[in-house]
Amino acid sequence: MGAVFVGGTTSLSGIATSVTAAASGRAELAVSNAVGSIAVKTAFLAVADMAYRKAHLGHAAASAENLVMGAFLMTLLAIPLMAIGPPQIAVLGVHPASLVLIAAYVAGIRLVSLTHEMPM
């Protein structure tokens with residue numbers, strides 16, 4: 544759960560930017576800010592790997608929680624990408640994929656928590 548709190552805290556500026564952009568009608572900026580942030584943070588794992596001299600960073604950090612978190616991230620990223628293709632629908636102005644994304648986030652956090660309680 545610490546990863547969720549640290550990730551959420553360090554992402555507050557990006558969250559504010561995306562929400563503000565969406566509220567002002569700049570949908571492309573809202574989405575590209577969120578996805579671009581994830582891409583940059585992921586790319587910087589290479590820099591962190593260079594700084595961590597004891598072993599390959601991925602190997603040193605290998606854990607059930609990190610594997611589940613990686614799969615969780617890919618799932619969350621796939622949901623909005625899948626919503627781009629089909630006909631645009633909305634319920635009260637909200638695309639159903641947004642509701643699925645929230646539900647997937649809650650379920651994923653629960654799964655990561657369970658993985659922590661029952662490690663490999």
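Add 543 to a position in the sequence shown, counting from 1, and you land on the number used in the numbering used here. Every residue gets a Cβ at the ideal spot worked out from N, C-alpha and C, and that includes glycine.
*Length of the line joining the Cα atoms of T552 and A605*: As a position in the sequence shown, residue 552 is number 9, starting the count at 1. As a position in the sequence shown, residue 605 is number 62, starting the count at 1. One C-alpha to the other measures close to 24 Å.
*What residue does the alpha helix (DSSP H) around S561 start on, and which one ends it?*
Taking the sequence shown and counting its residues from 1, the one referred to as residue 561 is at position 18. Start and end: 555-566.
*What's the gap between the Cα of V562 and the Cα of A573?*
Position 19 of the sequence shown, counting from 1, holds the residue named residue 562. Position 30 of the sequence shown, counting from 1, holds the residue named residue 573. Distance between the alpha carbons of V562 and A573 is about 7 Å.
*Given I645 as reference, the closest of L610, Q631, P629, I622 once Cα atoms are compared*: In the sequence shown, the residue the question calls residue 645 occupies position 102. For I645, the nearest C-alpha among the options comes from I622.
*Grab the span of the alpha helix (DSSP H) containing Y648 for me, first residue to last.*
If you number the sequence shown from 1, residue 648 lands on position 105. 639-660 is the span of the alpha helix (DSSP H), which, as asked, contains Y648.
*Taking the alpha carbon of I652 as the point to measure from, which residue in G613, R569, V637 has its own alpha carbon closest?*
Here residue 652 is taken as the residue at index 109 of the sequence shown, counted from 1. The option with the nearest alpha carbon to I652 is G613.
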